[in-house]
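**Q** Structure below; questions to follow.
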Amino acid sequence: MELRKRLKRNKLKHKFGLSQDAPSEGRCSSNMMLGTARSHGPQEGDRRNVSLFGGSGTCSGSGNPQRWPWGLRVSMATGLFLAVLLAGTQAWCVNSLHENLLWFSQLMEVEREISFRTECGLYYSYYKQMLQAPTIQEGLSDLIHDNLTESKRTINLLQRMNIYQEVFLSVLYRLLPIQSYLEPVYFYIYTVFSLQAVYVIALYLTAWLLSGSWLAGALTGVWYILNRVDTTRVEFTISLRENWSLPFLALQVAAITCYLRPQLTALQQKVMVWLMYVTTFCFCLTWQFNQFILLVQALIIYTLDCIDFLTTTQVTTLYLVQVCGLLSVWLLQFCNSMILGSLVLSFIVAALFIRHCQSGLKTGSPLARLGKLLLHTAMVLLLTFTINYLAKQVLQLRSDEHIFKFIKSKFALGQTRDFDASLYLCEEAFGVLPLDTLERLAGTLLLYPYILTLLLLSGMLVVSALQNLRAKGVSVEERKGAEGRMVALRPDVAYNVLHTLFYGLLAISTMRMKYIWTGHMCAIAAYGVCGTELWTPLLTTLRCNSKVLLRFVRYAVPLAMMACLYYKFWPKLMEEVSELREFHDPDTVELMTWISTNTHKGAVFAGSMQLLAGIKLCTGRVLTNHPHYEDKDLRERTRQVYQVYARQSPEDVHEILRAAGADYVVLENSICYERRHRRGCRLRDLLDLANGHIMDGPGENDPDLVPASHPRFCEAIKTDPAGYTALFTRTFQNKTFHVYRVKKKRKKSAKTLSEPGATQ
Numbered sequence: 009m010e011l012r013k014r015l016k017r018n019k020l021k022h023k024f025g026l027s028q029d030a031p032s033e034g035r036c037s038s039n040m041m042l043g044t045a046r047s048h049g050p051q052e053g054d055r056r057n058v059s060l061f062g063g064s065g066t067c068s069g070s071g072n073p074q075r076w077p078w079g080l081r082v083s084m085a086t087g088l089f090l091a092v093l094l095a096g097t098q099a100w101c102v103n104s105l106h107e108n109l110l111w112f113s114q115l116m117e118v119e120r121e122i123s124f125r126t127e128c129g130l131y132y133s134y135y136k137q138m139l140q141a142p143t144i145q146e147g148l149s150d151l152i153h154d155n156l157t158e159s160k161r162t163i164n165l166l167q168r169m170n171i172y173q174e175v176f177l178s179v180l181y182r183l184l185p186i187q188s189y190l191e192p193v194y195f196y197i198y199t200v201f202s203l204q205a206v207y208v209i210a211l212y213l214t215a216w217l218l219s220g221s222w223l224a225g226a227l228t229g230v231w232y233i234l235n236r237v238d239t240t241r242v243e244f245t246i247s248l249r250e251n252w253s254l255p256f257l258a259l260q261v262a263a264i265t266c267y268l269r270p271q272l273t274a275l276q277q278k279v280m281v282w283l284m285y286v287t288t289f290c291f292c293l294t295w296q297f298n299q300f301i302l303l304v305q306a307l308i309i310y311t312l313d314c315i316d317f318l319t320t321t322q323v324t325t326l327y328l329v330q331v332c333g334l335l336s337v338w339l340l341q342f343c344n345s346m347i348l349g350s351l352v353l354s355f356i357v358a359a360l361f362i363r364h365c366q367s368g369l370k371t372g373s374p375l376a377r378l379g380k381l382l383l384h385t386a387m388v389l390l391l392t393f394t395i396n397y398l399a400k401q402v403l404q405l406r407s408d409e410h411i412f413k414f415i416k417s418k419f420a421l422g423q424t425r426d427f428d429a430s431l432y433l434c435e436e437a438f439g440v441l442p443l444d445t446l447e448r449l450a451g452t453l454l455l456y457p458y459i460l461t462l463l464l465l466s467g468m469l470v471v472s473a474l475q476n477l478r479a480k481g482v483s484v485e486e487r488k489g490a491e492g493r494m495v496a497l498r499p500d501v502a503y504n505v506l507h508t509l510f511y512g513l514l515a516i517s518t519m520r521m522k523y524i525w526t527g528h529m530c531a532i533a534a535y536g537v538c539g540t541e542l543w544t545p546l547l548t549t550l551r552c553n554s555k556v557l558l559r560f561v562r563y564a565v566p567l568a569m570m571a572c573l574y575y576k577f578w579p580k581l582m583e584e585v586s587e588l589r590e591f592h593d594p595d596t597v598e599l600m601t602w603i604s605t606n607t608h609k610g611a612v613f614a615g616s617m618q619l620l621a622g623i624k625l626c627t628g629r630v631l632t633n634h635p636h637y638e639d640k641d642l643r644e645r646t647r648q649v650y651q652v653y654a655r656q657s658p659e660d661v662h663e664i665l666r667a668a669g670a671d672y673v674v675l676e677n678s679i680c681y682e683r684r685h686r687r688g689c690r691l692r693d694l695l696d697l698a699n700g701h702i703m704d705g706p707g708e709n710d711p712d713l714v715p716a717s718h719p720r721f722c723e724a725i726k727t728d729p730a731g732y733t734a735l736f737t738r739t740f741q742n743k744t745f746h747v748y749r750v751k752k753k754r755k756k757s758a759k760t761l762s763e764p765g766a767t768q
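Spelled out as structure tokens, the structure:
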């Protein structure tokens, strides 16, 4: 009888293309790399044990694992080799593009620093500051008690900003014996480009885990590289926080995918939990927007929990990993209140509390269960917003209110004249995803298999969720343990489907978020091409479904696609990589050189956020404001400083600048006479609207706007009228920039003060 059962299992294994017998119940589960996993799919017809990467292992009669067969070893080695090769190709491509775009190796130091545009220059300045400090301890002390980034204020940069990566790299550079042959700037950019290699490997492993074929990983890597315009912008925004954090997010998704594979051993589960925690921690530590990304992920976990794809242990573990990652960052950031007041922490607390209180949530008829779920969701949301409101009131937290203003304005839920929200709304990166993005993705054969796979898997997810709702009074643990009970979609596949759906909606609504979506899109599309879920129903419909044909299609189609992509796009990629350009910004170089040589080190500069970040990096001078916008007081100061581009009197502007401690103000023609944005989105228009003034140029104005009583400051000051020269002195100008020294008001003389007394 036992022999008959084994023969039947072997027959099923060969039917689905598995090369080895699965270990029997209670025996060892040592499979490829991370052990076995029980896969539940509609195409299988019976329960079976498969490895995390699609293979399986064997057990001897004594329960000891045997060695992998040579074929499996060769396949594993080939897959890992291709992962490293594609990762290295991506790192080489972005490095070559960066070098050729700027001719970076031939630039002067000031030109290299200017190439770190906007907030990138601000972040890199702290790396430079740490390297220039006499000791590591003094450098850390200067960051904790910084009085250069915001004039008249001493702030803790490690608490306010996510710059631990700059601190870590600077310490590492000082400790390693590489100073003699590797410049600090190259150590920095090579590290960021290396993280792109990590990103590719993480996506590669995710596709491999989902499909069981390393061909899916290879296709994922190829797609990621060819769609570089839409998957990353690292070559020209090196220091941007997302370039540091997204590789760790991709690693976290790979770890979650691995963790949700069924039938892991206790040790394997612990390893996956620690990997999830470490990657979540690194992701949160390197990006200030981590809480909003984790909130979307928490909603995905909540959805999977509601439709019975996860066990109670899995749900609690995933939530606690997020909480532990955030709290670890909270401690490292000197108890940053913005983390405690984050919406994701409030949501997790509410979800766990309501889940604990409603023990009978997943019992009853389908209609009753659906009603319970709706009530459960309403209670979770109500408790979430209550906890979040109380936390912000207790912490007096208003640092992230500009994000919610942006969301309200974007979806027409609040006022549209708010200056902070308008700054975001008027940037193309925060608009909806343009159609040309989808056209480019379709051109590389990525969009079509992605849509087909997404539609099929979404349908399977809905069917499986309905099946789970019809299961009366049976928990997911019992259902998974019951013989013959099938689940239409594996939990790891379901997680990745919701991941691409949720982040896809986020990317469509806000273009800047597409870099989270497009990389994962490559993995999902490759899974569809190399997995069985897409081909089995298609071949069945064509009445030619067989084991041999299914295996042939799963290997032939991805190989044919990669050959086609290589033939079509490799010459273009090589041409792009070899295209030589040159950095040319003489006006900014002249400005930075003048500031360094003609102003004292303690001079305070006012101006646009983007330019001041470069001044901080290139000259080390003190700033009034900067691009890191996550502080309410700083946002208010920025709005005040920007009045130099509004219609304000010279006395009012002078008072504002002196209140901020400014010694010099830099005016930019590109802002004063801006043409890049449409009317209503130019910076001067945003200021006019915020001040209640009629905007420049032809076009309609709201009826409540009134004409300004003063000319535009940045224009009027250049004609040197007496009212302006009494308060400001021009000290530098070129075709782009005008620098004015802000004079100090003269105190009334003793003679003037004594005149009233003399007349008595």
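Under my numbering, residues 9 to 768 are what the sequence shown spells out, in order.
All residues carry an ideal CB built from backbone N, CA and C; glycine is no exception.
1. What are the start and end residues of the alpha helix (DSSP H) that includes Thr739?
2. Nearest-angstrom Cα distance between Ala502 and Asn103?
3. Judging by CA-CA distance, which residue of Leu88, Arg81, Leu109 is the nearest neighbour of Val585?
4. Taking just the CA atoms, how far does Gly688 sit from Gly707?
5. Cβ of Met468 within 6 Å of any heavy atom in the ligand HEM?
6. One question on the structure: do Ser350 and Gln296 come within less than 7 Å of each other, judged by their Cβ atoms?
7. Measure how close the beta-carbons of Ala531 and Leu318 come, nearest whole angstrom, since I'm counting them as under 8 Å.
8. Hey, is the segment 431-441 in contact with the segment 406-421, meaning 3+ C-beta pairs nearer than 8 Å?
9. Taking buried to mean at least 16 other C-beta atoms within 10 Å of its own C-beta, is Gly368 buried or exposed?
10. What are the start and end residues of the alpha helix (DSSP H) that includes Phe412?
11. Check whether the Cβ atoms of Ser159 and Val440 lie closer than 7 Å to each other.
12. For Ala5 and Tyr232, what's the separation of their Cα atoms in angstroms?
13. Rounding to the nearest angstrom, what Cα-Cα distance links Pro499 and Ala141 in this structure?
14. Tell me where the beta strand (DSSP E) around Leu184 begins and ends.
15. Nearest to Thr452 by alpha carbon, out of Leu477, Ser604, Thr239, Arg269?
16. Any idea if Trp78 is buried or exposed, counting beta-carbon neighbours within 10 angstroms, 16 or more meaning buried?
17. Out of curiosity, what's the CA-to-CA distance linking Met468 and Arg377?
18. Please return the same chain residues whose Cβ sits closer than 8 Å to the Cβ of Thr199, not counting the five positions on each side in sequence.
19. Determine the DSSP secondary structure at Phe291, reduced to helix, strand or coil.
20. By DSSP's criteria, Phe560 is part of a beta bridge. Which residues make up the other side?
21. Assuming Met387 and Ile347 are in contact, meaning their beta carbons sit under 8 Å apart, how far apart are those beta carbons, in whole angstroms?
22. Are the CB atoms of Phe393 and Ala698 within a distance shorter than 7 Å?
23. Is Ile246 helix, strand or coil when you go by DSSP?
24. Could you work out which residue in Cys292, Arg478, Leu130 is closest to Leu631 when comparing CA atoms only?
25. Please classify Glu644 as buried or exposed, where buried requires at least 16 other C-beta atoms within 10 Å of its C-beta.
26. Out of Val352, Phe291, Leu328, Leu312, which one is the CA nearest neighbour of Leu381?
27. Rounded to whole angstroms, what's the CA-CA distance from Ser253 to Tyr207? Just pull it up for me.
28. Please list, in chain order, all residues of the same chain as Gly333 whose beta carbon is under 7 Å from its beta carbon, the five residues on each side excluded.
29. Can you tell me the Cα-Cα spacing of Pro711 and Asp696, whole angstroms?
30. In terms of DSSP beta bridges, what is Ala614 paired with?
31. Between the C-alpha atoms of Gln618 and Leu625, what's the straight-line distance to the nearest angstrom?
32. Shortest alpha-carbon distance to Tyr574 belongs to which of Asn170, Gly229, Leu183, Glu146?
33. Using the Cα positions of Gly25 and Tyr535, report the straight-line distance between them to the nearest angstrom.
**A** A quick look at the data gives this:
1. Element bounds for Thr739: not the alpha helix (DSSP H) but the beta strand (DSSP E), 736-741.
2. Rounded to the nearest angstrom, the two C-alpha atoms are 36 Å apart.
3. Considering only alpha carbons, the answer is Leu109.
4. Straight across, the Cα-Cα distance linking Gly707 with Gly688 is about 10 Å.
5. What this structure holds is no ligand at all, so the ligand HEM is not there to describe.
6. Not in contact: Ser350 and Gln296 (Cβ atoms no closer than 7 Å).
7. Contact doesn't hold; Cβ gap of about 20 Å is too wide.
8. The segment 431-441 makes contact with the segment 406-421: 3 or more CB pairs, one atom from each, lie closer than 8 Å.
9. The residue in question, Gly368, is exposed, as its Cβ has fewer than 16 Cβ neighbours within 10 Å.
10. Here the alpha helix (DSSP H) through Phe412 covers 409-418.
11. With a cutoff of 7 Å on beta-carbon distance, Ser159 and Val440 are scored as not near each other.
12. This structure does not reach residue 5, given that the chain is present from 9 up to 768, and the question cannot be answered.
13. So the alpha carbons of these two residues sit roughly 50 Å apart.
14. Leu184 -> no beta strand (DSSP E), and no H or E assigned at all.
15. When each option's Cα is compared against that of Thr452, the closest is Thr239.
16. Answer is exposed; the Cβ neighbour count stays below 16.
17. As the crow flies, the alpha-carbon of Met468 is around 20 Å from that of Arg377.
18. Spatial neighbours of Thr199 in its own chain (CB-CB distance under 8 Å, excluding positions within 5 residues in sequence) are listed in chain order as Leu177.
19. Helix.
20. DSSP output for Phe560 lists no bridge partner at all.
21. With a Cβ gap of about 25 Å, Met387 and Ile347 do not count as contacting.
22. No; because the gap between Cβ atoms is not below 7 Å, this pair is not in contact.
23. Note: Ile246 maps to coil in three-state DSSP.
24. Nearest in C-alpha terms to Leu631, of all of Cys292, Arg478, Leu130, is Leu130.
25. Label assigned to Glu644: exposed.
26. Leu381 has its Cα closest to that of Leu312, out of Val352, Phe291, Leu328, Leu312.
27. When only Cα atoms are considered, Ser253 and Tyr207 end up about 10 Å apart.
28. The answer, listed in chain order, is Tyr285, Thr288, Phe289, Cys292.
29. The C-alpha of Pro711 lies about 14 Å from the C-alpha of Asp696.
30. In the DSSP assignment, Ala614 forms a beta bridge with Val673.
31. Cα to Cα, Gln618 sits roughly 11 Å from Leu625.
32. It is Gly229 whose Cα lies nearest to the Cα of Tyr574.
33. Caution applies to Gly25, whose pLDDT of 38 falls short of 50 and renders its modelled position unreliable; the value that the coordinates give is listed next. Taking the Cα positions, Gly25 is about 17 Å away from Tyr535.
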